[in-house]
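Everything below concerns the one structure shown next.
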Amino acid sequence: MPTLKPFGIGDLIVLKKRLERYDAGEIAHIENVMGKEHRTRNHRQLRQVETRKLEETELEEETRHDLETTERFELENEIKHEVKTQEKFSAGLEVSGGFGPVQISAYAKYDRDTSETESERAAQKYSKEITEKAMERIKERVRTEREEIERIETEENNEHKFENDSPDHIVGVYRWVDKYYRVKPVNYGKRLFYEVVIPEPARMLLFAKAWNLDNRAIPEKPDEPKVPTFEIGGVEFWFDGTTLRTGDPGPLRPNQVLETNYAYLASTAGADGVKPPPADTVVVSHSLAKELDPAVDWILDGEAIRLPEDYEAVTCEYTAVIKAWKNHDFPAGATPYDAGWPAFCRIHIGQRAILQWQEHSILGPPWEDHNFTLDLNRERGSLPISGTGNRVGTFALNINVTCERTDEIFARWQMETYNAIMAAYRRKVMNYEERLAASQVRGGVEIQGENPAKNLLTIKTELKRQFLDLWMSGDLELPVAVTDGDHSHTPPHLPDMIDRNVLDNGEVISFAEEAFDWDNLSFRLLPYFHGRKEKWVELSSYSDPDPVFENFLKAGAALVRLPVVPEYTHAVLYYQLTERIWSRDAGEIPALRDVSAASEVELYNAYLRDVDPETVETDVHRDVEIRDDDPDTFVIKVPTSLVWLQQTEELNPEPE
Numbered sequence: 003m004p005t006l007k008p009f010g011i012g013d014l015i016v017l018k019k020r021l022e023r024y025d026a027g028e029i030a031h032i033e034n035v036m037g038k039e040h041r042t043r044n045h046r047q048l049r050q051v052e053t054r055k056l057e058e059t060e061l062e063e064e065t066r067h068d069l070e071t072t073e074r075f076e077l078e079n080e081i082k083h084e085v086k087t088q089e090k091f092s093a094g095l096e097v098s099g100g101f102g103p104v105q106i107s108a109y110a111k112y113d114r115d116t117s118e119t120e121s122e123r124a125a126q127k128y129s130k131e132i133t134e135k136a137m138e139r140i141k142e143r144v145r146t147e148r149e150e151i152e153r154i155e156t157e158e159n160n161e162h163k164f165e166n167d168s169p170d171h172i173v174g175v176y177r178w179v180d181k182y183y184r185v186k187p188v189n190y191g192k193r194l195f196y197e198v199v200i201p202e203p204a205r206m207l208l209f210a211k212a213w214n215l216d217n218r219a220i221p222e223k224p225d226e227p228k229v230p231t232f233e234i235g236g237v238e239f240w241f242d243g244t245t246l247r248t249g250d251p252g253p254l255r256p257n258q259v260l261e262t263n264y265a266y267l268a269s270t271a272g273a274d275g276v277k278p279p280p281a282d283t284v285v286v287s288h289s290l291a292k293e294l295d296p297a298v299d300w301i302l303d304g305e306a307i308r309l310p311e312d313y314e315a316v317t318c319e320y321t322a323v324i325k326a327w328k329n330h331d332f333p334a335g336a337t338p339y340d341a342g343w344p345a346f347c348r349i350h351i352g353q354r355a356i357l358q359w360q361e362h363s364i365l366g367p368p369w370e371d372h373n374f375t376l377d378l379n380r381e382r383g384s385l386p387i388s389g390t391g392n393r394v395g396t397f398a399l400n401i402n403v404t405c406e407r408t409d410e411i412f413a414r415w416q417m418e419t420y421n422a423i424m425a426a427y428r429r430k431v432m433n434y435e436e437r438l439a440a441s442q443v444r445g446g447v448e449i450q451g452e453n454p455a456k457n458l459l460t461i462k463t464e465l466k467r468q469f470l471d472l473w474m475s476g477d478l479e480l481p482v483a484v485t486d487g488d489h490s491h492t493p494p495h496l497p498d499m500i501d502r503n504v505l506d507n508g509e510v511i512s513f514a515e516e517a518f519d520w521d522n523l524s525f526r527l528l529p530y531f532h533g534r535k536e537k538w539v540e541l542s543s544y545s546d547p548d549p550v551f552e553n554f555l556k557a558g559a560a561l562v563r564l565p566v567v568p569e570y571t572h573a574v575l576y577y578q579l580t581e582r583i584w585s586r587d588a589g590e591i592p593a594l595r596d597v598s599a600a601s602e603v604e605l606y607n608a609y610l611r612d613v614d615p616e617t618v619e620t621d622v623h624r625d626v627e628i629r630d631d632d633p634d635t636f637v638i639k640v641p642t643s644l645v646w647l648q649q650t651e652e653l654n655p656e657p658e
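Taking the numbering used here, the leading residue of the sequence shown gets 3, the next gets one more, and so forth.
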């Protein structure tokens, strides 16, 4: 059973009115222009919005292999055989004498010298040089140019000019315009009435208008960007990056833009193109491997790890693999010096030694794989790598350097983000001020608001919707009776009806529209303080040129009275007891006592006896003659927002 019950039986008295006249009312404004004074005010508003997007990717792939082989073979063979023989023979007789006996001696000499020299030399030279050059370059060029241009150009020029070429002063008196109606009450007999108080009757209309702020003559003044605040135990706090603070954070400052609030600040200000903050840390990887001659000392120089701009190296993690030349690995012929000294390796990164190693005295990691972590000295730009050693065949390093962002790059990001937020805010303020100035220039020229007849129709439509929602216990939302079209298909699917729901909904809609006399719905708008207290300021601030519509917007509640069409009184009371609509095709409506045992049955039967459709005097839609000499008529004054410029400068002109 509906919770909203009939109010009772009453006479339907309709006030028929006829416009009597418009008349000047109170003074609205006085404009003074001194002698020889010229005043001109020009306003020009031009707004252009253009968006362009361009995407471009480039890929080019080239692979080239160059293989060159050179073979040289040289054979030298020389055999030398030399035999040298030398013979020498000599013989003789020697006689010597003196003053004594004669001495005779004979001699014979034979010498033979034989020497043989044989030498053989063989030299074989073979060399093969293989040079393989491989170059692979990948360059992708995919040019996708998408240009989206949204250009909104609005230009409005307004000029308001006062010119007084005479030496006398000119005074312009503006007066409010009031309109007068002659009203005659007409009694249309007894009807069944419903009465209900609807809270904040304009709430749905105001909510709908909030979604279309562009249609408002003057936009809301934008709020100045501020650090977001939150409440704990009734106390308002805000975060400055390190500490929770209380009180008003004041206007936004660059150092208040943080990683935790920049997205909120940018979205509330409407800032576009705001970049996320730079990462706290960045890891740079570098690998280094060398194959060395173990027999000689070696030096590593010219290696460096390039660090990201505006980042400092703080730590590094590295893995070392070293292969030394062991004593038993020395080749034959190595000197004792070579075999006696231990293998040695020392490598520096930045200002730190990351590797010290000796074969017989381990100062750092052994030669096998090992992981280490090292603190660095916050180097910037690049991190040099150097080293020295001997008797090392190969070594390999994998280095991961952890870098932290500098205060300078974060402060620069804060300033860039702050500038983007404040630029968006200034654009909003400029737009607000331009539209405000334009509306002030247009004052007195533009017809503001809507036609009062249209406003009255809007008011009654909103009250009608809310009354039906209450009377039908929230069942005003009917089943879906139509489907939307679908343009994604070829051919597109057209909108269609759901037959069963169309028929069911039609019965409900017809009953709701025909059972009540909507044209004679009467209402009384109650002040804003009958609504929610937290809405008092908002409701009391609404204004409109139509005073009735302004009261509707401000109303905290509305008292609504609605008569039932006499022919539908029985059907409405049947629905009141059963929540079922009696179909016209079902014949005569059953007696109320036959369908319900509720206590209201007797009361409703009394209502039926009091309302006799045959006693209706006339059609409520028929025009009624309203004569000036009719004693039942009277005149009412309705104020308007129209302003009239008086023809004379007199503050109290004689009435015409």
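All residues carry an ideal CB built from backbone N, CA and C; glycine is no exception.
Bear in mind that the values here come from a model prediction, so they are computed numbers and not experimental data.
- Assigned with DSSP and collapsed to three states, PHE9 falls in coil, not helix or strand.
- With respect to the 9 Å criterion, ALA30 and VAL645 are classified as neighbours on the basis of their beta carbons.
- With respect to the 9 Å criterion, VAL562 and VAL199 are classified as neighbours on the basis of their beta carbons.
- Annotation for PRO310: VAL284, VAL286 and CYS405 place their beta carbon closer than 8 Å to its own, counting only its chain and skipping 5 residues before and after.
- By the neighbour-count criterion, in which a residue is buried when 16 or more other Cβ atoms sit within 10 angstroms of its Cβ, LYS556 is buried.
- Boundaries around LEU528 are those of the beta strand (DSSP E), 524-528, since no alpha helix (DSSP H) includes it.
- A residue is called buried once 16 or more other Cβ atoms fall within 10 Å of its Cβ, and PHE346 is buried on that count.
- Within 10 angstroms of the beta-carbon of ARG393 lie 16 or more other beta-carbons, which makes it buried.
- Cβ neighbours of GLU261 within its own chain (closer than 6 Å, five residues either side excluded): PRO279.
- Taking the Cα positions, ALA559 is about 18 Å away from LEU459.
- Sequence-distant Cβ neighbours of GLU161 in its own chain, meaning closer than 6 Å and more than five residues away, are ASN44.
- For VAL276, the CB contacts under 6 Å within the same chain, skipping 5 residues up- and downstream, are ALA268, THR419 and ALA422 in chain order.
- For HIS572, there is no enclosing beta strand (DSSP E); the enclosing alpha helix (DSSP H) covers residues 571-580.
- Close CB contacts of ILE301 within its chain, under the 7 Å cut and outside five residues either way in sequence, are with THR390 (chain order).
- Non-local C-beta neighbours of SER289 in its own chain, meaning closer than 6 Å and more than five positions away in sequence, comprise ASN400, ordered along the chain.
- Remark: C-beta atoms of ILE461 and VAL550 approach each other more closely than 9 Å.
- Taken through DSSP and simplified to helix, strand or coil, ASN457 comes out as helix.
- GLY533 and ALA210 have their C-alpha atoms roughly 19 Å apart.
- TYR427 is positioned such that its CB atom lies closer than 9 Å to that of PRO227.
- The DSSP-derived three-state label of ILE301 is strand.
- Note on geometry: alpha-carbon atoms of MET206 and TYR266 lie some 29 Å from one another.
- With contacts defined as CB atoms closer than 9 Å, ILE307 and HIS350 fail to qualify as a contacting pair.
- In the same chain as PRO565, and ignoring 5 residues on each side of it, the C-beta atoms closer than 6 Å to its own belong to LEU14, ARG193, PHE195, ASP519 and ASN522, in chain order.
- Proximity of the segment 530-544 to the segment 583-602 falls short of the contact definition, fewer than three beta-carbon pairs being nearer than 8 Å.
- Among the bridge pairs identified by DSSP, GLU33 is matched with GLY174.
- Here the alpha carbons of THR463 and PRO454 stand approximately 14 Å from one another.
- GLU238 and ALA573 have their C-alpha atoms spaced approximately 59 Å apart.
- With 16 or more other Cβ atoms from the protein chains shown falling within 10 Å of its own Cβ, ALA273 counts as buried.
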